[in-house]
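Worksheet for the structure shown next.
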Amino acid sequence: MKLPIKFSILNRYIFREALGYFLISLIAFTGILLTIRILKFANLIINKGVEISQIGMVFISLLPTFLEIAIPMAMLLGVMLAFARLSGDSELIVIRASGISLSKLVKAVAVFGILGTVISLYVSISLRPWGFQTLSQTLFEIARSKSTSGLSEGIFNELGKLTLYSDYIDYSTGDLKKVLIDDKRNEASRSLITAKSGVILSNPENRTITIFLRNGQIHEIVNEKYSITSFNTNSLVLAAEDLYNPDAQQGEKSSRELYMNEIKQQIKHLKKQIVLRNEPQPYTKQIADEIDSSLNDLPTKKIYSKITGLNLEKGRRYSMPFAVLALALLAMPLGVQPPRTQKTWGAGLSLTMGLLVFVVYYGFLSIGIAVAESGVLPVFIALWLPNFVVFFAALYAIKKISSEEWQSMTEMFEPLLNYMSKLILRAKSLVERAGVKI
2 MKLPIKFSIL NRYIFREALG YFLISLIAFT GILLTIRILK FANLIINKGV
52 EISQIGMVFI SLLPTFLEIA IPMAMLLGVM LAFARLSGDS ELIVIRASGI
102 SLSKLVKAVA VFGILGTVIS LYVSISLRPW GFQTLSQTLF EIARSKSTSG
152 LSEGIFNELG KLTLYSDYID YSTGDLKKVL IDDKRNEASR SLITAKSGVI
202 LSNPENRTIT IFLRNGQIHE IVNEKYSITS FNTNSLVLAA EDLYNPDAQQ
252 GEKSSRELYM NEIKQQIKHL KKQIVLRNEP QPYTKQIADE IDSSLNDLPT
302 KKIYSKITGL NLEKGRRYSM PFAVLALALL AMPLGVQPPR TQKTWGAGLS
352 LTMGLLVFVV YYGFLSIGIA VAESGVLPVF IALWLPNFVV FFAALYAIKK
402 ISSEEWQSMT EMFEPLLNYM SKLILRAKSL VERAGVKI
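Residues in the sequence shown are numbered consecutively from 2, following my numbering.
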């Protein structure tokens, strides 16, 4: 691979070494995530007749989501394993003995991390919304062609804000028997519907699913009074948004499906609606024309919540890709290990530490998102603080190891690792004495 940037032979060597481990890790993590999804959808293919091509399209549309997580994980492990291999073969000792400090090798890792960040940005900004749009369309097509495929008889099934139970489901015709439905779409008047039979039908023209019920009753509370209404026929109409995004407005995309310019336009539109609400009444004709009637029933607090959600989605598409560079730099000192530690623990130590670091990072990011949603922290701080912590921790560790104040970061954990190793050997010895072969 010919690199467009001027690299020393040593930096080229490290770049290629990290690239190899990165690709292996990326394929492995993406494969694991795909396998988990395959197991989840296997029942739909085998028992309920959903076409393999439709399931394949679902996997393709989910691939950007997998890559969003797999790329930073693969970057972290790729660089860590590269430096762990150099440490284990004593190549790093020779390099440092030649007067080349760790800081001189940062260029290769930084360039590699920047390339990973650019790829991750493309995935996050362009492929992510495409993936979720395609997923939404494909799921509706599955629901349209095989309306009952996602349902199981004899258990409660979630259909957006409906919960459906049926003793019997005919997967070829959509017929239902002994039906119970909990309808939570209207918060002011929740209803419980029972019916002797029913059928699920789809309308490809207006992209709706209709649950047509026969011979049943509707149990609900109206004006604080319990009411029972009997019917011969009744129907519930569900749009695609009701099935897969129950909190969305009719015909509205979820924030995950929006491209960046659409997110910015929606934020601008919602902010304008809040300003218009504060205008003195009666409204002028110009103001009345600008008011979005679809938001009339939405409290101002809910509009602020939607703006926060859109800002989180926009910020997340930038913060996660830049974590790739920060994790690549942190992986460099994490991968530097004394040869004896590398020989004792092998690649398992790097894998364990890498996964632990990523879990901690992702945990803090998830907490930050939750805190930002509650309004306690600004979105920027909540999303970018984990990146800054990782970045400055990486620079600090590189400086310490370059100046040889630290031989490696793993030396801090070596007493604990040795103790764990002794415990494992002791447990193995006790088991063997008990006559159990391992």
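Here a beta-carbon is modelled for each residue, glycine too, at the ideal position from N, C-alpha and C.
This structure is a prediction, so every number in the text was calculated from the model and none was measured.
- [ ] Return the bridge partner residues of D176 from the DSSP annotation.
- [x] Under DSSP, D176 takes part in a beta bridge, and its partners are V200.
Open item on the list: Assuming contact is defined by CB atoms lying nearer than 7 Å, are G369 and M81 in contact in what I supplied?
Closed with: No, these two residues do not count as a Cβ contact at 7 Å.
Task: Backbone CA spacing between A329 and L20 [nearest angstrom] - done: Distance from the CA atom of A329 to the CA atom of L20, rounded to whole angstroms, is 12 Å.
Open item on the list: If I measure Cβ to Cβ from I126 and keep anything under 7 Å in the same chain, skipping five residues before and after, which residues do I get?
Closed with: M261 and R318
- [ ] Using the DSSP secondary-structure output, state which residues sit across from G217 in a beta bridge.
- [x] A196 and F232
TODO: With a threshold of 16 other CB atoms inside 10 Å of the CB of S320, please say whether the residue is buried or exposed.
DONE: buried
Task: Of the listed residues D184, L163, L366 and L152, nearest to S173 (C-alpha basis) - done: L152
- [ ] Compare the beta carbon distance of A324 and F392 with 7 Å and say whether it is the shorter of the two.
- [x] The Cβ atoms of A324 and F392 lie no closer than 7 Å to each other.
- [ ] Determine the direct distance from the alpha carbon of L140 to that of T211, and round the result to whole angstroms.
- [x] 16 Å
Task: Selected residue, minimal CA-CA separation from F213, among L103, L239, Y22 and F359 - done: Distance check between F213 and each of L103, L239, Y22 and F359 places L239 closest, using alpha-carbon atoms only.
- [ ] Using the Cα positions of V276 and M333, report the straight-line distance between them to the nearest angstrom.
- [x] 50 Å
TODO: Measure the C-alpha to C-alpha separation of F450 and G355 and round it to an integer number of angstroms.
DONE: What the structure shows of the chain is the stretch from 2 to 439, and residue 450 is not part of that stretch, so it cannot be assessed.
TODO: Round the Cβ separation of S137 and E258 to the nearest angstrom and send it over; I've been treating them as touching at under 8 Å.
DONE: 6 Å
Open item on the list: Once the 5 residues before and after L311 are set aside, which same chain residues still bring their CB inside 7 Å of it?
Closed with: S256, I264, Q267 and I268
- [ ] Ignoring anything shorter than 4 residues or poking outside the region 354-430, list the alpha helix (DSSP H) runs there in chain order.
- [x] 380-403
Task: Three or more C-beta pairs below 8 Å linking the region 64-82 and the region 22-37 - done: The region 64-82 vs the region 22-37: in contact.
Open item on the list: Run through the DSSP bridge pairs and tell me what E154 is partnered with.
Closed with: DSSP, once it has assigned bridges, lists no residue as partnering E154.
Open item on the list: If the criterion is Cβ atoms closer than 7 Å, does the pair A373 and L299 meet it?
Closed with: no
TODO: In the DSSP assignment, find the unbroken beta strand (DSSP E) run with Y166 in it and report its ends.
DONE: L163 to I170
Task: Status (buried if at least 16 other CB within 10 Å, exposed otherwise) for N224 - done: exposed
Task: Closest residue to R38 among I56, S26, N204 and Y22 (Cα-Cα distance) - done: I56
Open item on the list: Rounded to the nearest angstrom, what separates I308 and G376 at their Cα positions?
Closed with: 11 Å
Task: Inter-residue spacing [alpha-carbon to alpha-carbon] between L24 and G117 - done: 11 Å
Open item on the list: With a threshold of 6 Å on Cβ separation, who are the neighbours of Q218 within its own chain once the five nearest residues in sequence on each side are excluded?
Closed with: T195, I229 and S231
- [ ] Within 10 angstroms of the Cβ of A83, are there 16 or more other Cβ atoms? Answer buried if so, exposed if not.
- [x] buried
TODO: Could you work out which residue in F60, S99, T66 and L396 is closest to S121 when comparing CA atoms only?
DONE: T66
Open item on the list: I'd like to check one pair, S190 with D184: are the Cβ atoms closer than 7 Å?
Closed with: no
Open item on the list: Which of the three DSSP states is assigned to V337 in this structure?
Closed with: coil
Task: Contact belief for Q408 with A85 at Cβ below 8 Å, rounded distance in angstroms - done: That pair is no contact at about 14 Å.
Task: As assigned by DSSP and simplified to three states, the class of Y260 - done: coil
Open item on the list: What does DSSP give as the partner residue(s) for D184 in the beta ladder?
Closed with: L163 and S192
TODO: Assign L431 to one of two classes, buried (16 or more other C-beta atoms within 10 Å of its C-beta) or exposed (fewer than that).
DONE: exposed
TODO: Can you check DSSP and say which residues form a bridge with Y227?
DONE: Looking at the DSSP assignment, Y227 forms a beta bridge with I222.
Task: Separation of Y363 from I70, as counted between CA atoms - done: The C-alpha of Y363 is placed about 9 Å away from the C-alpha of I70.
Task: 8 Å CB neighbourhood of L233 in its chain, flanking five on each side removed - done: As written in the sequence, residue 233 is Asn, which differs from the Leu given in the question. Excluding sequence neighbours, N233 sits near R215 and N216.
Task: Neighbourhood of A394 by C-beta, 8 Å cutoff - its chain only, sequence neighbours within 5 removed - done: L331
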